[in-house]
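The structure under discussion appears below in the form of structure tokens.
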Amino acid sequence: MKRRDFERLVDQALDSLPGEFSSLLDNVAIFIADRPSRELLRQMEVPPGETVFGLYEGVPLTERTHDYGLVTPDRITIFQRPIEEACATEKEAVEQIRRTVLHEIAHFFGIDDDRLDEIEEAREAGESRPGD
């Protein structure tokens with residue numbers, strides 16, 4: 233996929249955020265990179281053969297104190313190649329981009345991976361109920 237098309241899909245994911253969330257995304261820069269560096273994967277203790285789709289770097293809203301200010305923007309990086317490699321169709325890629333953007337924004341709001349897993353499991357269980 234061309235970078236411009238990928239960027240458009242990231243923008244669409246951001247545009248789909250409810251207004252109450254997007255209005256709180258202050259001092260956050262969104263970047264797209266080809267893939268995480270080996271050093272980054274090593275620092276994050278990602279096992280060999282695995283990768284990450286996105287990364288949040290910054291101070292979550294829940295950890296900011298009254299003296300938070302005059303700091304560089306938090307960063308959210310979305311890694312294009314791992315997403316493309318994990319998805320067989322463009323439809324899958326669109327959904328994975330959306331999930332990755334939401335996941336990294338959740339970290340900005342102070343939600344950790346364990347809680348995100350619980351939310352995702354509950355969402356999937358709700359979607360798979362008969363009669364829905």
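Per the working numbering, residue 233 is the first one in the sequence shown, and the count goes up by one each step.
No residue lacks a Cβ here, since even glycine has one placed at the ideal position from N, Cα and C.
Using only the alpha-carbon positions, how far apart do Glu353 and Thr332 sit? In a straight line, the C-alpha of Glu353 is about 16 Å away from that of Thr332.
Would you tell me roughly how many angstroms separate the C-alpha atoms of Glu316 and Ala245, rounded to the nearest one? As the crow flies, the alpha-carbon of Glu316 is around 16 Å from that of Ala245.
Determine the direct distance from the alpha carbon of Asp299 to that of Gln312, and round the result to whole angstroms. Gln312 and Asp299: Cα-Cα distance of roughly 35 Å.
Just curious, the alpha helix (DSSP H) that Asp306 is in, first and last residue? For Asp306, no alpha helix (DSSP H) segment is defined; the enclosing uninterrupted segment is the beta strand (DSSP E) at Asp306 to Phe311.
Starting from the C-beta of Asp266, find all residues in its chain whose C-beta is less than 8 Å away, skip the five residues before and the five after it, and write them out in chain order. Cβ neighbours of Asp266 beyond the five flanking positions: Phe311, Gln312 and Arg313.
Alpha-carbon spacing of Asp306 relative to Glu277, whole angstroms: Rounded to the nearest whole angstrom, the CA to CA distance from Asp306 to Glu277 is 21 Å.
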